[in-house]
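**Q** Handing you a structure now.
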Amino acid sequence: MSLLITGGTVIGPTGAIAADVLVDGETIAAIFAPGQGPGVETLDATGKYVIPGGIDAHTHMELPFGGTSASDTFDTGTRAAAYGGTTTIIDFAVQRTGEVVQDGLAAWHAKADGNCHIDYAFHMILGGVDDDSLKAMDQLVADEGVTSFKLFMAYPGVFYSDDGQILRAMQKARDNGSMIMMHAENGIAIDVLVQQALARGETDPIYHGITRPEALEAEATHRAIALAEVARDCPLYIVHLSASRALEHVAAARDAGRNVFAETCPQYLYLTLEDQLGAPGFEGAKWVCSTPLRSKHESHQRDLWRGLRSNDLAIVSTDHCPFCFKDQKERGVGDFSKIPNGIGGVEHRVDLVYQGVVDGKLSVERWVETISTTPARMFGLYPKKGVIAPGSDADIVLYDPNGRTRISVETHHMNMDHSAYEGYEIAGRVDTVLSRGEVIVSDGTYHGAKGRGRYLRRGLSSYLV
Ligand code: URP
Ligand code: ZN
Ligand code: ZN
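The sequence shown begins at 102 in our numbering and counts up by one.
Structure follows, in structure tokens:
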């Protein structure tokens with residue numbers, strides 16, 4: 102079946118053009134000058150932006166973490182993502198320490214298979230780097246379409262890898278063409294600070310942030326960049342970058358022509374240590390995540406927006422890892438170190454970054470690049486995803502710049518009993534969402550179905566220098 106999207110403004114990283122988009126079945130067939138398309142069924146996009154569907158390159162559906170599990174399943178989380186204009190997620194499959202990597206991947210397929218509303222792919226968390234997992238990296242790249250691996254400099258005893266393990270994994274990634282993603286915080290030092298704070302009776306959620314200082318994110322970021330250099334410029338992607346000094350290290354590496362990239366997340370662009378983590382009583386637990394929210398008295402948010410403009414920050418992902426306040430976040434009453442780490446936001450990323458356009462912090466083209474085109478290129482999904490072009494999947498969002506979105510737990514679709522962005526007003530609105538040619542959201546109504554989402558085998562990054 103053919104559908105002609107008429108009257109809209111098509112946005113890509115290279116510019117905005119008035120054009121009509123012909124969808125044939127699951128793919129984009131052609132782009133026409135306005136009014137020049139064939140006489141088929143039409144979808145009116147007058148006054149709307151026509152953009153490639155959002156790609157959230159960092160989610161954690163059903164992640165077992167902090168003694169509980171992230172509260173969105175692949176069913177609830179991908180449906181919520183669709184509502185918010187995201188048509189692809191890349192979730193993190195997990196190899197626990199001591200587990201066979203392929204078994205961890207199979208467990209993630211079992212969670213996702215038949216449950217997703219939109220297309221999905223996987224990165225692999227390596228909870229242990231040894232001869233077996235290094236061999237498994239080759240197999241995942243060659244056979245499974247998993248071409249990126251996350252390591253942790255944080256969380257000793259859980260996901261932590263030491264520098265030798267990191268170096269070996271980077272050398273392997275350099276050889277097989279994959280990417281190392283890094284949680285860059287000095288977890289050994291952080292654990293000392295956490296124990297010292299608890300011993301002083303400092304148990305409130307704000308101490309989660311205070312015991313994870315910027316210096317320890319910057320140090321780990323710098324160390325990861327150095328290790329990647331030693332591994333003959335292994336491609337390195339810093340996840341959930343939150344702080345100015347970490348960004349400086351990424352910028353310096355990029356200025357030197359290195360294959361070093363980074364993402365930030367909406368929470369770091371909008372929320373702060375004082376206003377959210379420091380909320381009265383135990384309320385701040387809602388915003389416990391790592392890396393933590395940073396101080397509003399420093400220049401982090403201004404620097405992160407600047408980094409997005411300059412491409413020192415390539416992508417905005419959510420690090421969607423929701424936990425309900427009741428029973429889940431409450432595990433940490435009286436001890437902030439027991440609060441499960443994570444914030445949910447998969448539904449709001451397209452809107453929250455668009456607000457940066459409204460506020461004059463990003464161009465409309467850069468909005469599309471950071472939420473869709475670059476994630477596709479970075480993680481081997483381009484040009485199937487991330488662009489409105491003939492031959493690409495018809496994952497398309499009609500975005501209404503004259504609409505409004507009010508974020509609230511009352512109206513969101515994520516499986517969370519609170520919203521990290523409660524009451525936020527966005528001067529824009531997701532109007533219609535197509536996933537592979539099918540209208541799955543229109544005017545706030547859902548038309549998709551559980552199980553229609555497909556697993557995407559990814560290629561190697563096409564973003565490297
Ligand atoms: O707090 C966070 N970020 N939770 C999810 C796990 C991770 O480190 O990405
Ligand atoms: Zn992380
Ligand atoms: Zn994460």
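A virtual CB, placed ideally from N, CA and C, is assigned to each residue, including glycine. Note that the structure is a prediction, hence the values are computed from the model and not measured.
Where DSSP assigns a beta bridge to Gln196, which residues make up the other side?
**A** Here the question's residue 196 lines up with position 95 in the sequence shown. For Gln196, which the question treats as bridged, DSSP gives the partners Leu227.
**Q** Would Arg301 be called buried (16 or more neighbouring beta carbons within 10 Å of its own) or exposed?
**A** On the sequence shown, residue 301 is found 200 positions in, with the first residue counted as 1. That one is exposed.
**Q** Note the first and the last residue of the continuous beta strand (DSSP E) segment covering Arg530.
**A** Indexing the sequence shown from 1 puts residue 530 at position 429. Where Arg530 is concerned, the enclosing beta strand (DSSP E) stretches over 530-536.
**Q** Thinking C-alpha only, which one of Phe480, Ile489, His401, Val259 is nearest Gly199?
**A** Here residue 199 corresponds to residue number 98 of the sequence shown, with the count starting at 1. Ranking Phe480, Ile489, His401, Val259 by Cα distance to Gly199 puts Val259 first.
**Q** If distances are taken between C-alpha atoms only, which option among Lys236, Arg505, Met271, Val458 comes closest to Arg407?
**A** Here residue 407 is taken as the residue at index 306 of the sequence shown, counted from 1. Taking only the C-alpha atoms, the option nearest Arg407 is Val458.
**Q** Keeping to the same chain, check which residues put their C-beta closer than 6 Å to that of Gly538; ignore five residues upstream and five downstream.
**A** As a first step, residue 538 must be located in the sequence shown, where it is residue number 437. Val124, Gly126, Glu127, Ala495.
**Q** Are the CB atoms of Thr189 and Leu557 within a distance shorter than 8 Å?
**A** As a working mapping, residue 557 is identified with position 456 in the sequence shown. As a working mapping, residue 189 is identified with position 88 in the sequence shown. Closer than 8 Å, so yes.
**Q** Rounded to the nearest angstrom, what separates Ala354 and Asn360 at their Cα positions?
**A** One-based indexing of the sequence shown puts residue 354 at position 253. One-based indexing of the sequence shown puts residue 360 at position 259. Rounded to whole angstroms, Ala354 to Asn360 spans 8 Å at the Cα level.
**Q** Under 6 Å, CB to any heavy atom of ligand 1. Which residues pass, going along the chain?
**A** Answer in sequence order: His161, His284, His341, Cys390, Ser391, Asp420, Cys422, Asn442, Gly443.
**Q** Return helix, strand or coil for Leu372, following the three-state DSSP convention.
**A** In the sequence shown, counting from the first residue as 1, residue 372 sits at position 271. Three-state result, Leu372: coil.
**Q** Using 10 angstroms around the beta-carbon of Asp232, count the other beta-carbons present and answer buried if the total reaches 16, otherwise exposed.
**A** Position 131 of the sequence shown, counted from the first residue, corresponds to residue 232. With fewer than 16 Cβ atoms within 10 Å of its Cβ, Asp232 is classed as exposed.
**Q** Should the region 479-494 be called in touch with the region 141-148, which here means at least 3 C-beta pairs below 8 Å?
**A** Output reads no: the region 141-148 does not touch the region 479-494.
**Q** Check whether the Cβ atoms of Phe175 and Ala213 lie closer than 8 Å to each other.
**A** Counting from 1 along the sequence shown, the entry for residue 175 is found at position 74. Counting from 1 along the sequence shown, the entry for residue 213 is found at position 112. Yes, these two residues count as a Cβ contact at 8 Å.
**Q** Name the residue from Leu482, Tyr338, Ala319 whose alpha carbon lies nearest to the alpha carbon of Ser345.
**A** Here residue 345 refers to the residue found at position 244 of the sequence shown. With distances taken between Cα atoms, Ser345 lies closest to Ala319.
**Q** For ligand 3, is there a heavy atom less than 7 Å away from the beta-carbon of His159?
**A** The residue you call residue 159 lines up with position 58 of the sequence shown. Because some heavy atom of ligand 3 lies under 7 Å away, the Cβ of His159 counts as near it: yes.
**Q** According to DSSP, simplified to helix, strand and coil, what is Val331?
**A** Position 230 of the sequence shown, counted from the first residue, corresponds to residue 331. Val331: helix per DSSP, three-state reduction.
**Q** Please confirm whether Pro423 and Lys430 have their CB atoms less than 8 Å apart.
**A** For the purposes of this step, residue 423 is taken as the residue at position 322 of the sequence shown. For the purposes of this step, residue 430 is taken as the residue at position 329 of the sequence shown. Cβ atoms of Pro423 and Lys430: not closer than 8 Å.
**Q** Going by the beta-carbon positions, is the gap between Met271 and Val340 smaller than 8 Å?
**A** Walking along the sequence shown from the start, residue 271 turns up at place 170. Walking along the sequence shown from the start, residue 340 turns up at place 239. Result no, Cβ atoms of Met271 and Val340 do not sit closer than 8 Å.
**Q** If I follow the unbroken alpha helix (DSSP H) through Met238, where does it start and stop?
**A** Taking the first residue of the sequence shown as position 1, residue 238 is located at position 137. It spans 232-240 - the alpha helix (DSSP H) in which Met238 sits, taken as one unbroken run.
**Q** What residue range is occupied by the uninterrupted beta strand (DSSP E) comprising Glu142?
**A** Counting from one through the sequence shown, the residue named residue 142 turns up at place 41. Glu142 -> beta strand (DSSP E) spans 142-145.
**Q** Between which two residues does the beta strand (DSSP E) harbouring Val124 extend?
**A** On the sequence shown, position 23 is the one that residue 124 refers to. Element bounds for Val124: 121-125.
**Q** Which residue or residues does DSSP assign as beta-bridge partners of Val540?
**A** If you number the sequence shown from 1, residue 540 lands on position 439. According to DSSP, Val540 bridges with Leu535.
**Q** Between which two residues does the beta strand (DSSP E) containing Ile219 stretch?
**A** Reading the sequence shown from its first residue, position 118 is the one you call residue 219. Segment: none, Ile219 is in no beta strand (DSSP E) and carries neither H nor E.
**Q** Between Thr187 and Gly154, which are expected to be in contact by the criterion C-beta below 8 Å, what is the C-beta distance as a whole number of angstroms?
**A** If you number the sequence shown from 1, residue 187 lands on position 86. If you number the sequence shown from 1, residue 154 lands on position 53. Going by Cβ atoms, the distance from Thr187 to Gly154 rounds to 7 Å, so yes, they are a contact pair.
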